[in-house]
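**Student:** Heads up, the sequence shown is in this note's numbering, so the first residue is 132 and it goes up one at a time.
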Amino acid sequence: MVATERDGRQRRSGGAVQYPPDGHVHTQFSWDAPFGNMERTCARAVELGLPSIAFTEHADFGITTLVDAERELPAWLAKHTDAHGVITPPALNVEGYLAEVARCREKFPDLRILTGVELSEPHWHTRRTAEIVDLGGFDRVLGSVHTIRHAEDPVDGPAGTRVREYDAGDAYSALAAETVVRDYLAEVARLATGSDVFDVLAHIDYPIRYWPAAAGRCDPRAFQEEYRYALRALAGSGRALEVNTRVPLDPVIVRWWREEGGKTLAFGSDAHRPEHLADGLRDAAAMVEAAGFRPGAHPHDLWRA
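(1) If we ignore side chains and look at the alpha-carbon of each, how far apart do alanine 436 and glutamate 391 end up?
(2) Below 8 Å on the Cβ atoms is my guess for threonine 260 versus valine 328; work out the distance and round it to an integer in Å.
(3) In chain order, what residues of the same chain lie with their CB nearer than 8 Å to the CB of arginine 313, ignoring the 5 residues before and after it?
(4) Looking at serine 275: is its Cβ nearer than 9 Å to the Cβ of leucine 204?
(5) Alpha helix (DSSP H) containing threonine 246: first to last residue?
(6) Where do the ends of the beta strand (DSSP E) carrying isoleucine 335 lie?
(7) Output the residue ranges of the alpha helix (DSSP H) runs that lie fully inside the stretch 207-278 and measure 4 residues or longer, sorted by chain position.
(8) Give the straight-line distance between the Cα atoms of histidine 431 and histidine 215, rounded to the nearest whole angstrom.
(9) Compute the Euclidean distance between the alpha carbons of histidine 403 and glycine 325, then round it to the nearest angstrom.
(10) Is the Cβ-Cβ distance between glycine 154 and glutamate 373 less than 9 Å?
(11) Kindly indicate which residue of Arg243, Asp213, Glu188 has the alpha-carbon position closest to the one of leucine 181.
(12) Starting from glycine 325 and walking both ways along the alpha helix (DSSP H), at which residues does that stretch end?
(13) Please confirm whether alanine 317 and valine 311 have their CB atoms less than 9 Å apart.
(14) Should leucine 365 and leucine 332 be called a contact, given that it needs their Cβ atoms to be closer than 9 Å?
(15) Can you grab the Cα-Cα spacing for the pair alanine 308 / aspartate 241, in whole Å?
(16) Is leucine 204 helix, strand or coil by DSSP?
(17) Please list, in chain order, all residues of the same chain as proline 362 whose beta carbon is under 8 Å from its beta carbon, the five residues on each side excluded.
(18) Would you mind reading off the limits of the beta strand (DSSP E) that contains threonine 158?
(19) Just the C-alpha distance for glycine 288 and leucine 223, rounded to the nearest angstrom, thanks.
(20) Extract the residue ranges of the beta strand (DSSP E) inside the stretch 359-384, only unbroken runs of 3 or more that lie entirely within it.
(21) Kindly indicate the opening and closing residues of the alpha helix (DSSP H) around aspartate 414.
(22) Report yes if the C-beta distance between proline 151 and leucine 412 is below 9 Å; otherwise report no.
(23) In chain order, what residues of the same chain lie with their CB nearer than 6 Å to the CB of arginine 137, ignoring the 5 residues before and after it?
(24) Check whether the Cβ atoms of leucine 433 and threonine 376 sit closer than 9 Å, and answer yes or no.
(25) Along the beta strand (DSSP E) that carries alanine 174, what are the first and last residues, could you check?
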């Protein structure tokens, strides 16, 4: 997030290609989406023929310190960052968000619009996440990890370890690439077992967006044990895995999901501006269909094995 700006089966009918539902979209109500616009995103969804859309705005309750506090930041991020590189996200305006959803539902009556929220590390912030979920009454709740905790041996001082928190995209500046991914997947597993407020796990491959070129190609098989452990924890909780298309999810991860007992999938472009809505969704639908998943009874339903 900090390193960023942050029957649906594919078939042809009358020359049009059907999309799966886009269940992970951000608008101007997400603090890291300065170019987001709900009304224009709805217009784009109608233009594309999306069966449904879920506006899952960020609700982030923690603070993160950048590794390089002096680097130049984009304006949208700089205004939430102090002189020491500490980022404090603003609160989600739930009332304003719900009012805009109601207005867009009236303006676009043929588009199925779901309310939603993306909770960052809800297992770390149980009281505040429960409060916002109760307040919003959302149709779709995403659970996500954007920040990792890494235990480090102190250079000096008393024996023991200290724990540093890093944005997973920024962490590559301080930690080995393999360590970032392993720490991230371990936190995903803790999220799956430590919180019951979300329906869908967002972007299990989030750190791969920022994988450093100097580290060579990132092969998910190098982290198979960690992926499988996280997927097994999620499957055991009965929740769904998201196929996030900001970067193409490797098909092997979908195969591992089925093998570890996963039954349901969601799709999300993670668009932060209208023109990125539904990017990659048709290819993702074809990929998961090849893995044995099928659309639900209604266009906005999760896909099932």
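Positions of the beta carbon are idealized from the N, C-alpha and C atoms, including for glycine.
**Tutor:** Working from what's here:
(1) Taking the first residue of the sequence shown as 1, we reach residue 436 at position 305. Taking the first residue of the sequence shown as 1, we reach residue 391 at position 260. Going by the C-alpha atoms only, they are around 12 Å apart.
(2) Looking up residue 260 in the sequence shown gives position 129. Looking up residue 328 in the sequence shown gives position 197. Under the criterion of beta carbons closer than 8 Å, threonine 260 and valine 328 qualify as touching, at roughly 5 Å.
(3) Translated into the one-based positions of the sequence shown, residue 313 becomes position 182. Within the same chain, Cβ atoms closer than 8 Å to the Cβ of arginine 313 are found at Phe354, Glu357, the five residues on either side in sequence being excluded.
(4) Position 144 of the sequence shown holds residue 275. Position 73 of the sequence shown holds residue 204. Contact: no.
(5) Working through the sequence shown from its first residue, we reach residue 246 at position 115. Segment 243-251 is the beta strand (DSSP E) holding threonine 246; no alpha helix (DSSP H) there.
(6) What you label residue 335 is simply residue 204 of the sequence shown in a count that begins at 1. Where isoleucine 335 is concerned, there is no enclosing beta strand (DSSP E), given that its DSSP letter is neither H nor E.
(7) With a minimum length of 4 residues, the unbroken runs of alpha helix (DSSP H) contained wholly in the stretch 207-278 fall at 225-238, 257-267.
(8) Working through the sequence shown from its first residue, we reach residue 431 at position 300. Working through the sequence shown from its first residue, we reach residue 215 at position 84. When rounded, the distance between both Cα atoms is 43 Å.
(9) Mapped onto the sequence shown, residue 403 falls at position 272. Mapped onto the sequence shown, residue 325 falls at position 194. Straight-line measurement puts the Cα of glycine 325 at about 28 Å from the Cα of histidine 403.
(10) As a first step, residue 154 must be located in the sequence shown, where it is residue number 23. As a first step, residue 373 must be located in the sequence shown, where it is residue number 242. Taking 9 Å as the Cβ cut-off, glycine 154 and glutamate 373 qualify as a contacting pair.
(11) Your numbering for residue 181 matches position 50 in the sequence shown. With distances taken between Cα atoms, leucine 181 lies closest to Arg243.
(12) Locating residue 325 in the sequence shown gives position 194, counting from the first residue. Under the DSSP assignment, glycine 325 falls in the alpha helix (DSSP H) whose first and last residues are 308-325.
(13) Locating residue 317 in the sequence shown gives position 186, where the first residue counts as 1. Locating residue 311 in the sequence shown gives position 180, where the first residue counts as 1. Going by C-beta atoms, alanine 317 is not nearer than 9 Å to valine 311.
(14) To locate residue 365, count along the sequence shown from 1; it is residue 234. To locate residue 332, count along the sequence shown from 1; it is residue 201. Contact check for leucine 365 against leucine 332 passes: the beta carbons are separated by less than 9 Å.
(15) Numbered from its first residue, the sequence shown carries residue 308 at position 177. Numbered from its first residue, the sequence shown carries residue 241 at position 110. Their backbone Cα atoms lie some 45 Å apart in a straight line.
(16) Your numbering for residue 204 matches position 73 in the sequence shown. The answer is coil: DSSP assigns leucine 204 none of H, G, I, E or B.
(17) Counting from one through the sequence shown, the residue named residue 362 turns up at place 231. Going by the sequence as given, residue 362 is leucine instead of proline. Within the same chain, and ignoring the five residues on either side of leucine 362 in sequence, the residues whose Cβ sits closer than 8 Å to its Cβ are Ile335, Leu372, Ile384, Trp387, Trp388, Glu391, Gly393.
(18) Within the sequence shown, residue 158 is the residue found at index 27, counting from 1. Counting along the chain, threonine 158 falls outside any beta strand (DSSP E), and DSSP gives it neither H nor E.
(19) Here residue 288 is taken as the residue at index 157 of the sequence shown, counted from 1. Here residue 223 is taken as the residue at index 92 of the sequence shown, counted from 1. Unreliable placement is indicated for glycine 288, whose pLDDT of 49 sits below 50; no coordinate value is reported for it.
(20) Whole beta strand (DSSP E) segments, 3+ residues: 371-375.
(21) Stepping through the sequence shown from its first residue, residue 414 is reached at position 283. Judged by DSSP secondary structure, aspartate 414 falls within the alpha helix (DSSP H) whose first and last residues are 412-421.
(22) Walking along the sequence shown from the start, residue 151 turns up at place 20. Walking along the sequence shown from the start, residue 412 turns up at place 281. Yes, the Cβ-Cβ distance between proline 151 and leucine 412 is below 9 Å.
(23) Here residue 137 corresponds to residue number 6 of the sequence shown, with the count starting at 1. With a pLDDT of 41 at arginine 137, under the threshold of 50, the modelled position of this residue cannot be trusted; read the value that follows with caution. Taking C-beta separations shorter than 6 Å and ignoring five residues to either side along the sequence, the partners of arginine 137 in its chain run Asp163, following chain order.
(24) Mapped onto the sequence shown, residue 433 falls at position 302. Mapped onto the sequence shown, residue 376 falls at position 245. It is not a contact, given that the beta carbons lie outside the stated cut-off.
(25) In the sequence shown, counting from the first residue as 1, residue 174 sits at position 43. Looking at the DSSP string, alanine 174 is not in any beta strand (DSSP E); the run it does join, the alpha helix (DSSP H), is 169-179.
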